[in-house]
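*Asks:* UniProt numbering applies: residue 1 is where the sequence shown begins, and numbers increase by one.
All C-beta atoms in this analysis are idealised placements derived from N, C-alpha and C, irrespective of residue type, glycine included.
In this text, all values refer to a predicted model and were calculated from it rather than measured experimentally.
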Amino acid sequence: MGNNDHVIGIRGLRVDRGGTTVLHELDLAVPERQVVGLLGPSGSGKTTLLRTLVGVQVVTAGTVDVLGRPAGDPTLRHQVGYVTQSPSVYADLSVTENLRYFATVLGAGARDVARVIDAVDLARHARRRVGTLSGGERSRVSLAAALLGEPRLLVLDEPTVGLDPVLRRDLWDLFARLRDAGTSLLVSSHVMDEATRCDRLLLLRDGRLLADDTLPGLLERTGAHDVEHAFLRLVEDTIPPDGAAPAGSPRHLGGKAS
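#1: So what does DSSP say about Leu-215, is it helix, strand or coil?
#2: Taking the alpha helix (DSSP H) that Pro-165 belongs to, which residues open and close that run?
#3: Could you tell me the distance, in whole angstroms, from the CA atom of Ala-91 to the CA atom of His-125?
#4: Name, in chain order, the residues that DSSP records as bridge partners for Tyr-82.
#5: Between Arg-233 and the rest of its own chain, which residues show a CB-CB distance below 6 Å, the 5 nearest in sequence each way excluded?
#6: Who are the near neighbours of Gly-182 in its chain, counting only those whose CB is closer than 7 Å to its CB and skipping five residues on each side?
#7: With DSSP collapsed to three states, give me the class of Ser-88.
#8: With distances taken between CB atoms, is the gap from Leu-13 to Leu-67 smaller than 8 Å?
#9: Please report the straight-line C-alpha distance between Asn-98 and His-229, rounded to a whole angstrom.
#10: Can you tell me which of the three DSSP states Asp-27 falls into?
#11: Suppose you measure from the CA of Tyr-82 to the CA of Leu-156; what does that come to, to the nearest Å?
#12: Indicate the three-state DSSP secondary structure (helix, strand or coil) for His-6 in the structure shown.
#13: By how many angstroms is the C-alpha of Ser-184 removed from the C-alpha of Glu-220?
Written out as structure tokens, the structure reads:
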């Protein structure tokens, strides 16, 4: 795959924080027009990596290119949508008022506000204050704000955390529709069964990339029957000489941001 097929290219990325290395010499490329899952337990470095991609994390070494430009380049402002784990919208404003505000900041028009409200299926809640919405609905408002201006890439930090199974399913269905419309998505999660909804997987542990593969390729490589057992087999292959056991259960590996 050539560089033109990648929306993200990372070489030798290292991030140190407080005297500790959080990301260790990462090399990876994220293909365009796919839903790519960034999976790993709490503390593995997922949030740090996503912050690096949107240019708000200090990098110790290496290069990070997004859509052919250095991460954080001002020209990427309208091309990359970023959704943090906690909804970053105003609770005292309505859905429409929030989106009109962010549209003004981004230079998007009124038609774009209507478009993104429809895209995330919030038309019936458009006049409601965000503070009265459910957690899943608030997450969709944040996603709608990220969709303003039709970004080529969406970077989503644990967007399904705290949601019930039905809301999780609906959100992943939306991600698939966005991909089919031409958007590239990088979605972090600590819930291993969400891997089945991804076109490609990045498995991260302790700031190191354990795998960059499709789900079928990962299962074939490890001889496992599902992604959580594949992850554990990869962890076992990287256990240090002192025999320390990997932290976390196989299916649900911690709920905090990393």
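*Replies:* Result, derived from the coordinates:
#1: helix
#2: Segment 165 to 180, the alpha helix (DSSP H) holding Pro-165.
#3: 13 Å
#4: Val-155
#5: Thr-222, Ala-224
#6: Correct list, in chain order: Arg-33.
#7: coil
#8: No, the pair does not count as a contact, with Cβ atoms beyond the cut-off.
#9: 42 Å
#10: Reduced to three states, the DSSP call for Asp-27 is strand.
#11: 6 Å
#12: Strand.
#13: If you take the alpha carbons of Glu-220 and Ser-184, they lie about 26 Å apart.
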